[in-house]
Every structure is written in structure tokens, then in C-alpha cells.
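Numbering (numbering that gives the first Met the number 0), first residue to last: 0 to 286. Glycine included, every Cβ here is placed at the ideal spot set by N, Cα and C. For reference, the structure is listed below as C-alpha cells.
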Amino acid sequence: MIIVIGKSGQLAQELAALDREDIRCLGRNDIDITDSQDVANKLAACQPTAVINAAAYTAVDKAQSDEVAAYKLNHEAVAVLGEYCAAHNLHLVHVSTDYVFNGQYHRPITPATPRTPLGVYGASKAAGEAALEAIPKLSFTIIRTAWVYSRFGHNFVYTMLKLMAQKPALGIVADQIGTPTCAAGLAQAAVHAAQHRISGIHHWTDTGVASWFDFAVAIQRIAQHKGLLEKAIPIAPITTEDFPTPARRPAYSVLCKASLATAFADIPQLHWETRLTAMLSDITIEN
């Protein structure tokens, strides 16, 4: 049995959608991962062989003024899960983020690159990673990912579809570079890591490189082709300075995925446009 911590997030919903008898999702109403005793009681009752932590504080801008809450979920709760898993020989798969890096790079970022977070969200996620690394005898996988979207929940794709249907034109940031990543593939990678007790830090995103502007242009083109949008609107590239936010964003978030060729060889690596097309096809069918 693989226990997934989280029910409402994009990754947790994709894991639930796998519809496997050996996967069970526990949400915040089922388990309090900040309480070590509750974690012990609930996980002991489930008797898992592995745990996937898909729970996180992900409100990047809000974290700047809500530091205590961000650290409680992204650091303290991660340590609680890690300690329990170490004590009971359970493998822990923990999902992390490109925000543990400052984005001041010009080539894909390797798993061994030192953590240099820009804001509270990234710092809290970095602290969670470090907490797991410090736990003796813990069997764990840290999967860093970036620019995640899904057919479930709130994300960039749904925001763009809504704005494209309502606005006469859009300006989208073109000087932040990364890789859009569909949570469907990430879910497969997380289960693989749990089943095979893959060790260490690995980077998982879809393949290819894009800016947010490139991503938006592709969303409109594919969505219009599939009948999700009636018409195309002008989309202009803008700079990060044109769109200020409380938390700074990494300018370059392309992650090096070289380790996937061996550790995750059974999981298909698809280009981000291929994954996006499949996701928009799912939406079309549901509609």
C-alpha cells in the first residue's frame, strides 16, 4: 500500500485518478502531518510500504507574509513524515520545486547544485529537503519539478483559458524560462520511485524549454484547434519588471534530468507540448 499525503492538490488528484487499489490518499481532514502522534496513529493503521508526500504550501506570493505557515507545512511536517518513515523502514517520496534555486543559471540545473532560494516559499521547501537529508537511515526520493499544471485544480493553463475567453489581448512574461510539466507524468514518476525505492534527489519535468509567453501561445493555439476557444486574441511578450509580484521568480528553471535515463527508465519522457495537447484533449472530452 502506498499512502499519498494530500487529496486536493494537482498531483494528489492525478495519483488518485490512477485508480489503483494499492494507492490511498489522505487529506488534511484525514491526517495532521504537523502532529507526530497523529501521523504515527494514522500511518500505523494503514500499514503502508511507502509514502508519497504531495502536500505543500504552494502560495508563492502569500508565503512572503505567511512565513510561519509555509515553514510548518514545507519544513516541519516533512521532517515529521521523514522521522516516521525512517523508524518504520518506509520509503518516502517527497516532491520539491525549482524554487529552491535562484534561477541565475545558463544551463540545466543539476540535482547536486547548491540550494539558493529567493523567497520564503523556496526557502521553506529547501529546509524540507535538508531535513530529510539529515535523518539517519531514511530511505527517500526527492523529486524536484517545475511549472506544474493538470486537468485538476487551479493552474496556469486554466487561468489562460479563462483570460483568453474574456480579454481582448494579453501580455505574458517572456524572460522567465523553464519547462511546463503535466502532473500526470509526475504522478507516474512518484509511484515508480515509491515502488522501486529510488534513492536521492532527481529532477522530473517534461522535456523541452519554454517561456511563460511560449506556453501561453501554445495553450491558445491548441485550445482553439480543439474548440475550447472560439477565437484567438493578441498575446504580447512582456518582462518580469512589467509584472511585479511580492515574491521574486527564478529567471531560469530548466532542470537537468540526466538521472532519469537510469533511475526512471520505465517512465516515458514526453515533450511539454505533447503533454499539453493530451491534457487539453481530456478537457475537450469532459466538456
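- The beta carbon of residue 248 sits closer than 6 Å to the beta carbons of 175 from its chain, once the five residues preceding and following it are set aside; these are given in chain order.
- DSSP, reduced to helix, strand and coil, places residue 248 outside both helices and strands of the structure shown, so it counts as coil.
- In this structure, the straight-line span from the alpha carbon of residue 67 to that of residue 30 is close to 20 Å.
- Within the DSSP secondary-structure output, residue 201 pairs in a beta bridge with 142.
- Apart from the 5 residues on each side of it in sequence, residue 100 sits with its Cβ closer than 8 Å to the Cβ of 108, 112, 114, 115, 116, 121, 249, 252 in its chain, given in chain order.
- DSSP places residue 24 within a strand segment (E or B) once states are collapsed to three.
- Below 8 Å, too few C-beta pairs join the region 187 to 195 and the region 153 to 163 to call them touching: fewer than three.
- Contact check between the region 124 to 137 and the region 180 to 194: fewer than three CB pairs, one atom from each, fall below 8 Å, which does not count as touching.
- Considering only 257, 3, 234, the residue with the shortest C-alpha distance to residue 204 is 257.
- Note on geometry: alpha-carbon atoms of residue 237 and residue 244 lie some 14 Å from one another.
- For residue 134, the secondary structure class from DSSP, reduced to helix, strand or coil, is coil.
- Here residue 124 is buried, its C-beta having at least 16 other C-beta atoms within 10 Å.
- Classified as exposed, residue 28 has fewer than 16 neighbouring CB atoms from the shown chains inside 10 Å of its CB.
- For residue 255, the three-state secondary structure derived from DSSP is coil.
- Here the alpha carbons of residue 94 and residue 128 stand approximately 9 Å from one another.
- In this structure residue 274 touches residue 184 by the C-beta definition: roughly 6 Å separates them, less than 8 Å.
- Residue 44 holds the alpha-carbon nearest to the alpha-carbon of residue 2 among 44, 33, 36.
- Per DSSP, residue 52 lies in no alpha helix (DSSP H); the unbroken beta strand (DSSP E) holding it starts and ends at 49 to 52.
- Around the beta carbon of residue 242, fewer than 16 other beta carbons sit within 10 angstroms, so the residue counts as exposed.
- In terms of Cβ geometry, residue 215 and residue 60 do not form a close pair [threshold 7 Å].
- By the Cβ-count criterion, residue 278 is buried, with 16 or more other Cβ atoms from all chains shown falling within 10 Å of its own Cβ.
- Annotation for residue 235: 170 place their beta carbon closer than 6 Å to its own, counting only its chain and skipping 5 residues before and after.
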